[in-house]
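Protein chains in written order, with numbering that gives the first Met the number 0: chain S, 0 to 208; chain G, 0 to 208.
Cβ atoms here follow ideal geometry from the backbone N, Cα and C, with glycine treated the same way.
2 protein chains.
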Amino acid sequence: MDEHEISKVVVKRLPRYYRYLGDLLEAKVERISSGELSELMNVTASQIRQDLNNFGGFGQQGYGYNVKYLYDEIGKILGLDKVYNMIIVGAGNLGQALANYVKFEKNGFLIKGLFDVKPELKGVSVRGIEIRMTDELPQFIRKHDIQIAALTLPKSGAEVIAPVLAENGVKAIWNFAHTDLHLPPTVVVENVHLSESLMHLSYNLNHMD
Amino acid sequence: MDEHEISKVVVKRLPRYYRYLGDLLEAKVERISSGELSELMNVTASQIRQDLNNFGGFGQQGYGYNVKYLYDEIGKILGLDKVYNMIIVGAGNLGQALANYVKFEKNGFLIKGLFDVKPELKGVSVRGIEIRMTDELPQFIRKHDIQIAALTLPKSGAEVIAPVLAENGVKAIWNFAHTDLHLPPTVVVENVHLSESLMHLSYNLNHMD
């Protein structure tokens, strides 16, 4: 199987498969047909078969998919069989919301540090993680082998901090700031632009058929 | 111009154009060529011309685009020339982060109420907005003509509350809960699944060329 041939569109859909398969596992479902999964996920059975065939075909004609096997394989493709050291830069409400979300840890994203620029936040603890000042970032990133940083700072702060993260070895940035970061191509950036999502909602609200 | 013919892919890109044009306006830039915009946004000039031609062509050959005009027109297409009454259901960190984000109000999304199920949050104020209990939702939605609800509750709560919102007249749900809501087709749902975004980041981190 050549993973590089999986199209971006299919990759985007994998986390949703992973979520549904996780729910099925919790409900102790062992096997599921593409038809049942189709009904549950509200996509066509043929799309499900096509998508999952990308990974060498986990399904057996007439027997359906083995839920646990499929869950684990998709998890591996998504890199969820590994553990990542992560920091959150920006300890406001959004940063604290991410720090409090325990499911990330369950998926292998370990939150090692929380950073901010506001002196009044120094030493405050969120879920046992002490907030540090951003001048400690370079040393902290190297010492704790941080691979991922969530950026929950305002735009101006994010643009200053992102290059510092990259220079010190951060390999992936989960960017919540309302700006497109300009970083070396060796750094992965995943944007969550909440304003843009709300505008998309507004468009759809105004263009319902 | 028939707006219904704009493809979903182009619509998804409009908020980003809107953001860049807003930045240009703030910087007092009056006109911009597709070439300059292309460099700024890191997309090809031909894609920009194609995308913007969807709206009847705001550009004049050789003169570039009028930034203010284009900004306003894209704003109208996105429905940002209107004002929306919005509530946030789930007043934890994430809900409070949304309530504190003033830029939403600037774009016409007025946060009228904040709701939770935890009695200890009753009466607490966030940016002057008092947290109410969810049993007040039906009356509040009708009285304040609420069109949009952000759902920042855990999955189980969201699945119970979403139909109540829809029954009482909410037309659009901005869903942050880790579940796909099952609602009548007359209700627009825009999902922000943070876990899935983080998994997508993890995939890319593991599949860099």
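1. For G:D1, count the other beta carbons within 10 Å of its own beta carbon; 16 or more makes it buried, fewer makes it exposed. Which is it?
2. Check whether the region 62-70 of chain S touches the region 29-43 of chain S, counting contact only when three or more Cβ pairs, one atom from each stretch, lie closer than 8 Å.
3. Does any residue of chain G bring its CB to less than 8 Å from the CB of S:Q95?
4. Please report the Cβ distance between S:A90 and G:G91, rounded to the nearest whole angstrom; I am assuming they are in contact, meaning their Cβ atoms lie under 8 Å.
5. Looking at G:K154: is its Cβ nearer than 8 Å to the Cβ of G:A176?
6. Where does G:I73 fall in DSSP's three states?
7. I want to see whether chain S comes within less than 8 Å of G:Y16, judged by CB atoms only; does it?
8. Give every residue of the same chain whose Cβ lies closer than 7 Å to the Cβ of S:K111, excluding the five residues on either side of it in the sequence, and list them in chain order.
9. Which residue wins for smallest C-alpha separation from G:K67, given the options G:K105, G:L79, G:V28 and G:S32?
10. Classify S:D80: buried if its beta carbon has 16 or more other beta carbons within 10 angstroms, exposed otherwise.
11. Where do the N-terminal and C-terminal ends of the alpha helix (DSSP H) with G:F103 fall, by residue?
12. Note down, one range per segment and in chain order, each beta strand (DSSP E) of at least 3 residues found wholly within the region 139-179 of chain G.
13. By how many angstroms is the C-alpha of G:V82 removed from the C-alpha of G:N106?
14. Report the residue ranges of all beta strand (DSSP E) runs contained in full by the region 5-69 of chain S; include only those spanning at least 3 residues, in chain order.
15. Determine, for G:Y202, whether the minimum Cβ-Cβ distance to residues of chain S falls below 8 Å.
16. Have a look at G:R131 and G:L150 and give me their C-alpha separation to the nearest angstrom.
17. Can you tell which of G:P162, G:N205, G:L20 and G:V186 has its C-alpha closest to the C-alpha of G:L69?
18. Between the beta-carbon of S:N53 and the beta-carbon of S:V9, is there less than 8 Å?
19. Report yes if the C-beta distance between S:A98 and S:V125 is below 8 Å; otherwise report no.
20. Is there at least one Cβ from chain S nearer than 8 Å to G:V187's Cβ?
21. Label G:T133 either buried or exposed according to how many other C-beta atoms from any shown protein chain fall within 10 Å of its C-beta, with 16 as the threshold for buried.
22. Going by C-alpha to C-alpha distance, which of S:D50, S:Y100 and S:K75 sits closest to G:H206?
23. Compute the Euclidean distance between the alpha carbons of S:T178 and S:M198, then round it to the nearest angstrom.
24. Would you mind sorting G:G94 into buried or exposed? The rule is 16 or more other CB atoms within 10 Å of its CB.
25. So, helix, strand or coil for S:M207, using DSSP?
26. Leaving out the 5 sequence neighbours to the left and right, which residues in its chain are closer than 7 Å to G:L77 when beta-carbon positions are compared?
27. Going by CA-CA distance only, name the one from S:E104, S:V188 and S:R48 that's closest to S:E158.
28. Which residue comes first and which comes last in the alpha helix (DSSP H) that contains S:L97?
29. Leaving out the 5 sequence neighbours to the left and right, which residues in its chain are closer than 7 Å to S:V163 when beta-carbon positions are compared?
30. Taking 8 Å as the CB-CB limit, is S:K111 close to chain G?
31. Give the secondary structure of S:D134 by DSSP, where H, G and I count as helix, E and B as strand, and everything else as coil.
32. Quick one: list the residues of chain G neighbouring S:H143, beta-carbon separation under 9 Å, in chain order.
The short version:
1. Any reading at G:D1 must be qualified, since the residue scores a pLDDT of 48, below 50, and its modelled position is unreliable; the value itself is stated next. G:D1 comes out exposed.
2. yes
3. yes
4. Actually they do not touch by this definition, with Cβ atoms about 16 Å apart.
5. yes
6. helix
7. no
8. N84, M85, I86, H143 and I145
9. G:V28
10. exposed
11. V101 to K105
12. 147-150 and 171-174
13. 8 Å
14. 63-65
15. yes
16. 14 Å
17. G:L20
18. yes
19. yes
20. yes
21. buried
22. S:K75
23. 16 Å
24. buried
25. coil
26. L13, P14 and Y17
27. S:V188
28. N92 to A98
29. L136 and P137
30. no
31. helix
32. Under the 9 Å cutoff, chain G gives no residues; its nearest Cβ is about 17 Å from S:H143.
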